[in-house]
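Peer 1:
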Ligand SMILES: [Zn+2]
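Residue numbers (my numbering): 134 to 251.
#1: Let me confirm a value: residue 179 is counted as buried when at least 16 other C-beta atoms fall within 10 Å, else exposed. Which label applies?
#2: Assess, as a yes-or-no matter, whether the region 155-169 is touched by the region 194-208 under the definition of 3 or more beta carbon pairs within less than 8 Å.
#3: For the beta strand (DSSP E) containing residue 162, name the first residue and the last one.
#4: Taking just the CA atoms, how far does residue 147 sit from residue 189?
#5: Taking the alpha carbon of residue 149 as the reference point, which residue from 212, 208, 226 has its own alpha carbon closest?
#6: Could you tell me the boundaries of the alpha helix (DSSP H) in which residue 217 lies?
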């Protein structure tokens with residue numbers, strides 16, 4: 134299920150909610166920018182969390198207004214890059230929101246600009 138190539142380097146299932154639900158919301162702008170990031174860095178992007186159902190987001194303590202619920206956000210790692218290095222390149226690609234955490238980077242395509250450290 135969802136084993137569908139949706140861009141050069143991403144399959145739909147990579148964006149699926151981690152609760153096992155097969156319904157996925159995915160903003161085309163997020164996919165486009167993640168592929169740009171992938172092309173720029175030349176290394177595989179691991180999506181820890183893409184789309185989240187409202188229930189799952191609540192369960193893991195996500196913000197009620199999370200961009201993940203809208204299919205507009207991804208929490209990513211790109212070994213061996215450090216979160217700060219990933220964020221720097223994400224900055225040049227023009228993501229709306231960029232959050233730097235200890236072990237991953239949150240990127241999203243919200244309309245307003247947001248930057249934070251988790
Ligand atoms: Zn996130």
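Ideal placement from N, C-alpha and C gives every residue a C-beta, glycine not left out.
Peer 2: Walking through what the data contain:
#1: exposed
#2: yes
#3: Premise fails: residue 162 lies in the alpha helix (DSSP H), 161-174, not in any beta strand (DSSP E).
#4: 16 Å
#5: 208
#6: 216-226
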